[in-house]
Amino acid sequence: MSNRKYRKTKTQIQPFHAVIFGGDGDLAIRKIYPAICRRYLDGQLNVDFKVFAITRSDKKHANFFPTVKQFIKDSIKFQVDETKIDAFLEKMLLTVVPGDNDEGYLQLKVQLDANKDYQTLFYLSTPSNAFGPICESLKNHGLVNQLSKVVLEKPLGNSLASSQSINDSITQVFTEDQIYRIDHYLGKETVQNLMVLRFANHLFENAWNSNHVESVQITVAESLGVEERGDYYDQSGALLDMVQNHLMQLLCLIAMEPPVRMEANFVRDEKLKVIHALRLLDENTVKTHTARGQYTRGEKDGVSINSYLEDIDKFSSNTETFVAIKAFVDNWRWKGVPFFLRTGKRMPKRYSEIIINFKPVAYNVFNGNEEIPGNKLIIRLQPEERIELVQMSKLPGPGGYRYKPVALKLDFSDSFNEKFPEAYERLFIDMLRGNQTLFMRQDELEAAWIWVESITNNWKKTNQKNILYEAGTWGPGDLVMDGNEKWSKTSIYEIVSVPKQK
Ligand code: BG6
Numbered sequence: 089m090s091n092r093k094y095r096k097t098k099t100q101i102q103p104f105h106a107v108i109f110g111g112d113g114d115l116a117i118r119k120i121y122p123a124i125c126r127r128y129l130d131g132q133l134n135v136d137f138k139v140f141a142i143t144r145s146d147k148k149h150a151n152f153f154p155t156v157k158q159f160i161k162d163s164i165k166f167q168v169d170e171t172k173i174d175a176f177l178e179k180m181l182l183t184v185v186p187g188d189n190d191e192g193y194l195q196l197k198v199q200l201d202a203n204k205d206y207q208t209l210f211y212l213s214t215p216s217n218a219f220g221p222i223c224e225s226l227k228n229h230g231l232v233n234q235l236s237k238v239v240l241e242k243p244l245g246n247s248l249a250s251s252q253s254i255n256d257s258i259t260q261v262f263t264e265d266q267i268y269r270i271d272h273y274l275g276k277e278t279v280q281n282l283m284v285l286r287f288a289n290h291l292f293e294n295a296w297n298s299n300h301v302e303s304v305q306i307t308v309a310e311s312l313g314v315e316e317r318g319d320y321y322d323q324s325g326a327l328l329d330m331v332q333n334h335l336m337q338l339l340c341l342i343a344m345e346p347p348v349r350m351e352a353n354f355v356r357d358e359k360l361k362v363i364h365a366l367r368l369l370d371e372n373t374v375k376t377h378t379a380r381g382q383y384t385r386g387e388k389d390g391v392s393i394n395s396y397l398e399d400i401d402k403f404s405s406n407t408e409t410f411v412a413i414k415a416f417v418d419n420w421r422w423k424g425v426p427f428f429l430r431t432g433k434r435m436p437k438r439y440s441e442i443i444i445n446f447k448p449v450a451y452n453v454f455n456g457n458e459e460i461p462g463n464k465l466i467i468r469l470q471p472e473e474r475i476e477l478v479q480m481s482k483l484p485g486p487g488g489y490r491y492k493p494v495a496l497k498l499d500f501s502d503s504f505n506e507k508f509p510e511a512y513e514r515l516f517i518d519m520l521r522g523n524q525t526l527f528m529r530q531d532e533l534e535a536a537w538i539w540v541e542s543i544t545n546n547w548k549k550t551n552q553k554n555i556l557y558e559a560g561t562w563g564p565g566d567l568v569m570d571g572n573e574k575w576s577k578t579s580i581y582e583i584v585s586v587p588k589q590k
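FYI, in our numbering the residues of the sequence shown are 89 to 590.
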């Protein structure tokens with residue numbers, strides 16, 4: 089049977105301008121330009137286009153293009169003709185638009201007007217307090233039309249109020265269907281595969297609820313520290329930097345109901361319902377259902393690693409670099425099932441996975457006194473992309489029934505030869521095509537803030553402190569959650585292991 093039946097007709101990519109504010113910033117150089125270039129090399133951008141790298145100051149940028157080229161080269165894992173990268177760089181223009189002066193915007197307008205019928209993506213990779221002023225200037229200088237879109241990088245504010253106020257200033261200029269709020273986790277192949285796993289397989293659906301699932305664990309461990317982003321990170325912490333967006337999006341994809349169709353608003357409606365159902369925390373539950381930590385000086389492979397305070401060059405800070413939360417989705421499907429969310433910096437390795445822990449079978453016919461461990465569905469997102477179904481198997485040999493958990497493994501790299509596009513590649517193409525499915529809607533974001541603020545406000549009220557953990561370890565140990573579950577220090581596997589229901 090032909091594959092065509094399953095493929096939706098895709099919108100043809102039209103000629104475009106990509107105008108990247110924060111164009112000499114870390115994210116643009118490391119992620120955005122390499123992603124656009126890889127799509128170009130892959131032949132997907134076979135239309136006329138220009139990329140404007142917007143900088144605020146006209147300081148010397150002598151190294152800009154060589155640096156961009158190097159990052160592009162480093163990001164490509166296959167053989168490539170270097171002249172093609174040069175051809176891409178020819179399409180890039182470094183353009184100075186000082187924030188407080190009209191001249192830069194007027195000159196940009198002249199350049200964009202040279203191709204008036206092109207769609208323009210205004211990609212704001214700047215701190216979010218600049219979003220409103222940039223949008224206003226774009227409007228005042230006549231740069232926005234019906235073909236324009238605006239792309240917003242996280243974080244969108246640092247509270248419900250600031251996120252609403254930023255949004256208000258953006259919606260003075262752009263309509264919701266022109267706004268693309270990025271959460272790059274949604275662009276990851278393995279994250280999108282969660283939807284296919286759930287909605288294209290009959291096998292799991294009947295068991296995907298509180299009758300069969302004991303708990304869900306979502307873990308995103310990072311080996312990196314705060315790198316060059318100390319100023320930003322110290323205002324955010326792990327909760328705002330990772331949970332408020334990436335981990336909550338993963339939770340939504342696991343917990344949501346099937347959307348009517350795989351279309352932006354149907355998918356976003358379902359995610360929103362999950363966020364609305366998240367149980368808010370209060371002064372008491374914030375103590376028992378959340379834990380926060382900060383890394384101290386440590387060691388990895390014999391090399392000493394700075395503490396968080398050394399990394400941000402401060403004597404004190406109460407910002408958390410690790411957070412663990414026991415969350416509940418209070419709805420028909422998930423009543424009583426804990427969702428354990430956990431993320432931290434400076435762990436021994438980069439490691440993200442989701443585990444669905446199924447309940448054990450009702451009775452052990454082999455040995456009535458012993459509980460047989462439940463099945464687990466392990467969805468490994470990174471560094472490898474893999475699905476494992478852990479099920480009990482008989483140990484070979486005579487003499488009765490002995491059994492142990494054995495994993496059925498599906499490694500994506502074994503099954504699919506194709507190279508996976510990076511998150512930003514997929515998201516960039518979706519923006520050009522006008523597909524908003526993998527972007528957040530404002531109401532989703534606001535609902536997420538309400539839940540997150542039930543944690544931040546109660547952390548403040550109860551003066552909840554960080555538990556210190558050594559850099560290069562798996563985070564705070566000996567942590568008692570809910571008076572029952574001990575989160576061991578030894579390995580993240582232990583930390584995420586099936587919490588015993590007492
Ligand atoms: C970003 C956070 O959104 O995601 C970073 O701001 C974090 O602090 C990064 O390191 C993790 O992304 P990935 O794709 O490397 O898991």
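Note that CB positions come from ideal geometry on N, CA and C, so glycine has one too.
Just so we're clear, the structure is a prediction, and the values are computed from it rather than from any experiment.
Identity of the residues DSSP links to residue i by a beta bridge
i	result
Q207	F104
F416	P426
A495	V478
E441	T307 and R468
L520	Bridge partners of L520: none, in fact.
M528	R269
E669	Residue 669 lies beyond the range of the chain shown here (89 to 590); nothing can be said about it.
Y320	BP columns for Y320 are empty, so no partner.
G432	A309 and F410
Y557	Y383
F504	F504 pairs with nothing; no bridge assigned.
L598	The question about residue 598 has no answer here: the residues shown for the chain are numbered 89 through 590.
Cβ neighbour criterion (16 or more within 10 Å) applied to residue i
i	result
P484	exposed
K237	buried
I258	buried
L194	exposed
N189	exposed
I538	exposed
W420	exposed
S579	Reliability of the predicted coordinates at S579 is poor, the pLDDT of 31 falling under 50, and the value obtained from them is presented with this limitation in mind. S579 is exposed by the Cβ-count criterion.
R349	exposed
V192	Inspection of the sequence shows that residue 192 is occupied by Gly rather than by Val. Buried, since its Cβ has 16 or more Cβ neighbours within 10 Å.
H334	buried
E241	buried
Y489	exposed
R269	buried
Y451	exposed
T171	exposed
L291	exposed
F210	buried
K588	Low per-residue confidence applies at K588: pLDDT is 36, beneath 50, and the placement is therefore not dependable enough to give any value.
P346	exposed
D566	Low local confidence applies: a pLDDT of 47 at D566 is under 50, so the model's placement there is unreliable, and no value is given.
Y320	exposed
P221	exposed
R438	exposed
A175	exposed
V135	exposed
A549	First, the residue type needs correcting, since residue 549 is Lys and not Ala in the sequence shown. K549 is exposed by the Cβ-count criterion.
Whole-angstrom C-beta distance between residue j and residue i, which should lie under 8 Å
i	j	result
D322	I400	5 Å
G113	S213	6 Å
I363	V304	Wrong, their Cβ atoms sit about 15 Å apart, outside the cutoff.
I101	R521	6 Å
G381	N554	5 Å
L181	K138	6 Å
K179	H229	Actually they are not in contact, since the Cβ atoms of K179 and H229 sit about 23 Å apart, beyond 8 Å.
L285	V411	Not really, about 26 Å apart at Cβ, beyond 8 Å.
S163	P215	In fact, because the Cβ distance is near 25 Å, the residues do not count as touching under 8 Å.
F436	S311	What sits at residue 436 in the sequence shown is Pro, not Phe. Contact holds; Cβ gap of about 7 Å.
E302	N445	5 Å
E458	P448	Not confirmed; about 10 Å, so no contact.
F427	L369	Actually they are not in contact, since the Cβ atoms of F427 and L369 sit about 13 Å apart, beyond 8 Å.
F159	K507	That belief does not hold up - the Cβ atoms of F159 and K507 are roughly 18 Å apart, past 8 Å.
F500	R529	At roughly 29 Å, the Cβ-Cβ gap does not stay under 8 Å, so F500 and R529 are not in contact.
Exercise for the section: Quick one: which unbroken beta strand (DSSP E) runs of 3-plus residues sit fully inside the region 329-413? Chain order, please. Expected result: 378-384, 386-388 and 391-393
Exercise for the section: Within the region 168-198, note down every full alpha helix (DSSP H) run reaching 4 residues or more, in order along the chain. Expected result: 170-178
Problem - Segments assigned beta strand (DSSP E), at least 3 residues, entirely inside the region 103-166 - result: 104-109 and 137-143
Problem - Runs of alpha helix (DSSP H) lying entirely within the region 255-305, each at least 4 residues, in chain order - result: 277-287 and 290-293
Practice task
Jot down the residue ranges of each uninterrupted beta strand (DSSP E) in the region 220-251, minimum 3 residues, whole runs only, in chain order.
Solution key: 236-240
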